[in-house]
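Presented below is the structure to which this report refers.
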Amino acid sequence: MASPPPVLAGRYTLKNILGEGAYGVVAAAHDNQSGDEVAVKRIRSVLETYPMATRILREVKFNRMLRGHENLVQLRDLLLPSDVRTFQDTFLVFDVMPCDLSKVINSKARLNSDNIKFLMFQLLRGLLYLHRANVLHRDLKPSNLLVDGDCMLKICDLGLARAAFRTNDDDTYFWTTYVQTRWYRAPELVMPHSTNYTTAIDIWAAGCIFAELFLRRPLFPGRDHADQVRRIIKLTGKPGPDVISQMRHAPMEAAVAQQAASAPPNWSMLFPKASADEVQLMRAMLEFDPRKRISAADALSHPYFKEWRDNLGVGPAPPVLAAEEFEFETRVAARNPQAMEAIRAEMVGEIAHFHPESRADLFGAAGLGVDVRGGNGDGGVGNTRGGRHLAGPDPHKEFSSALDGGNEVRKRHGGGTMPLPKFSAISASEVRNKRATGGGTLPEAEMAQLAAAYRQKAARNQSNANAMED
């Protein structure tokens with residue numbers, strides 16, 4: 001007789017494995033405290049290397065600070081570690097969604113025009129929230145967009161995101177180690193080591209996803225960087241010399257200059273199922289020149305989204321992010337000998353945000369010799385030595401045991417991912433009546449002001465670039 005599902009940390013009932021990868025495993029679970037279904041993501045050996053440690057810490061910080069928008073996946077909990085001084089694995093509890101958009105695109109699931117419009121509205125809504133917080137996602141692709149049967153969409157994986165706190169030219173750490181999937185890279189990012197980019201890179205990626213929803217295949221599946229440039233120019237047309245000179249990247253300039261000038265194709269013929277509004281918006285999102293590329297605010301103001309905008313609004317304003325929350329980037333970039341110790345302290349501080357009742361025990365057990373920023377921004381007890389004295393069950397040990405010995409879990413629940421959602425006909429008024437939008441929305445007048453502000457900012461950037469050339 002099969003044993004009952006394990007109840008872990010006195011709160012989560014493990015159900016089945018959703019997926020496994022090189023870095024860890026994701027399991028579906030039931031939160032007995034809230035009654036919600038959740039996903040528990042175990043990431044192995046988080047603190048083993050600089051890149052992995054900073055990526056996960058960055059993801060945790062962004063998810064915690066940007067909680068509250070329905071189109072961003074919500075980080076609900078960070079499980080208490082077995083030993084704060086030695087833990088290597090991290091357990092994150094997120095919203096659970098049936099699948100990601102790439103699985104829908106690659107399936108036979110039918111997407112009608114209303115489904116596509118609602119998906120794009122939510123994607124741009126989430127991007128507006130990020131961009132208003134001066135955050136670039138930098139890795140938008142269908143597999144980083146989670147969806148459910150109600151056509152709800154949530155942006156996930158903020159591990160490569162960056163916040164634009166600094167503007168001085170010598171502050172290069174912000175732009176390093178960019179690894180976004182090539183097929184969704186904006187032209188200004190196609191060549192390696194490009195550093196001069198803005199939130200426009202996310203809009204380009206969203207435009208690629210928009211096209212992919214119609215084509216059911218990637219728009220620019222380049223074999224390498226040169227092939228990627230050729231494919232982009234074939235669709236958008238060869239840019240003028242003024243645009244090429246703005247790239248400030250000799251290999252990219254040479255690759256573009258070598259392309260033969262030709263008229264771009266008829267987009268309406270390439271996307272026969274797309275309406276005139278859809279084609280016009282898609283072209284605006286896939287503008288080669290990032291200075292002229294439409295912003296998330298302007299895209300949401302497009303007539304194409306009027307029904308959704310009128311019914312659901314564009315979402316709440318984001319919080320102001322504190323630059324000091326990301327100072328660990330500087331320490332790691334400088335390869336400070338104490339960097340990994342500092343990152344462990346930062347991670348303990350993040351865990352304390354979700355477990356304020358264990359805050360003193362966490363910091364007292366850490367013995368890290370560094371100051372840890374905590375729930376109210378005050379320093380932690382960084383110099384206290386001692387063992388871990390946290391009451392109750394050991395979540396890390398319980399989850400590790402259940403997931404590592406997961407044969408029983410897989411047998412009981414069949415394992416594998418959830419079935420693909422079946423999208424039905426949908427309308428903005430139905431969605432509005434079905435659920436609360438939450439968090440407040442921007443009225444039409446304020447939305448217009450916001451869009452105008454983005455246009456003015458783009459004009460200033462172009463003026464500054466022209467002045468530099470002169």
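Just so you know, the UniProt record's numbering puts 211 at position 211 of the sequence shown, and the rest follows in order with no gaps.
The C-beta atom is built at its ideal place from N, Cα and C for all residues, glycine as well.
Straight-line Cα distance separating residue j from residue i
i	j	result
residue 35	residue 29	10 angstroms
residue 76	residue 92	8 angstroms
residue 229	residue 263	16 angstroms
residue 218	residue 20	24 angstroms
residue 12	residue 150	25 angstroms
residue 346	residue 17	29 angstroms
residue 188	residue 44	34 angstroms
residue 353	residue 359	8 angstroms
residue 213	residue 255	29 angstroms
residue 480	residue 286	The structure shown does not extend to residue 480, since the chain spans only 1 to 470, so no value can be given for it.
residue 125	residue 132	11 angstroms
residue 50	residue 239	39 angstroms
residue 33	residue 308	34 angstroms
residue 181	residue 81	33 angstroms
residue 53	residue 348	13 angstroms
residue 340	residue 397	23 angstroms
residue 101	residue 186	20 angstroms
residue 183	residue 22	22 angstroms
residue 330	residue 134	18 angstroms
residue 122	residue 299	12 angstroms
residue 399	residue 208	38 angstroms
residue 351	residue 317	25 angstroms
residue 276	residue 306	15 angstroms
residue 433	residue 37	23 angstroms
residue 521	residue 118	Residue 521 lies beyond the range of the chain shown here (1 to 470); nothing can be said about it.
residue 48	residue 252	35 angstroms
residue 85	residue 319	32 angstroms
residue 363	residue 242	55 angstroms
residue 105	residue 404	32 angstroms
residue 152	residue 73	11 angstroms
residue 296	residue 24	33 angstroms
residue 140	residue 109	22 angstroms
Where residue i sits in the DSSP three-state scheme
i	result
residue 30	strand
residue 86	coil
residue 263	coil
residue 199	coil
residue 182	helix
residue 385	Bear in mind that the predicted position of residue 385 carries a pLDDT of just 31, short of 50, making it unreliable; the figure below should be weighed with that in mind. Correct three-state label for residue 385: coil.
residue 426	coil
residue 24	strand
residue 46	coil
residue 19	strand
residue 320	coil
residue 287	coil
residue 277	helix
residue 471	The displayed coordinates of the chain run from 1 to 470. Any statement about residue 471 would go beyond what the structure contains.
residue 327	coil
residue 229	helix
residue 77	strand
residue 41	strand
residue 161	coil
residue 53	helix
residue 106	coil
residue 431	helix
residue 240	coil
residue 246	coil
Any non-hydrogen atom of the ligand GDP within 7 angstroms of residue i CB
i	result
residue 226	Among the components modelled here there is no ligand, and therefore nothing to report on the ligand GDP.
Cross-strand partners of residue i (DSSP beta bridge)
i	result
residue 156	DSSP, once it has assigned bridges, lists no residue as partnering residue 156.
residue 145	155
residue 224	Beta-bridge pairing links residue 224 to no other residue.
residue 100	146
residue 91	42
residue 136	162
residue 72	155
Integer-rounded CB distance, given that residue j should sit under 8 angstroms from residue i
i	j	result
residue 202	residue 127	5 angstroms
residue 69	residue 315	6 angstroms
residue 312	residue 431	7 angstroms
residue 257	residue 244	6 angstroms
residue 222	residue 231	5 angstroms
residue 161	residue 58	7 angstroms
residue 42	residue 89	6 angstroms
residue 281	residue 304	5 angstroms
residue 290	residue 205	Actually they are not in contact, since the Cβ atoms of residue 290 and residue 205 sit about 12 angstroms apart, beyond 8 angstroms.
Take every Cβ of the segment 106-114, pair it with every Cβ of the segment 58-65, and state whether three or more of those distances are shorter than 8 angstroms.
-> With contact defined as three or more Cβ pairs closer than 8 angstroms, the segment 106-114 and the segment 58-65 are not in contact.
Count the CB pairs spanning the segment 93-105 and the segment 136-156 that are closer than 8 angstroms, and state whether there are at least three.
-> Result yes; three or more Cβ-Cβ pairs closer than 8 angstroms.
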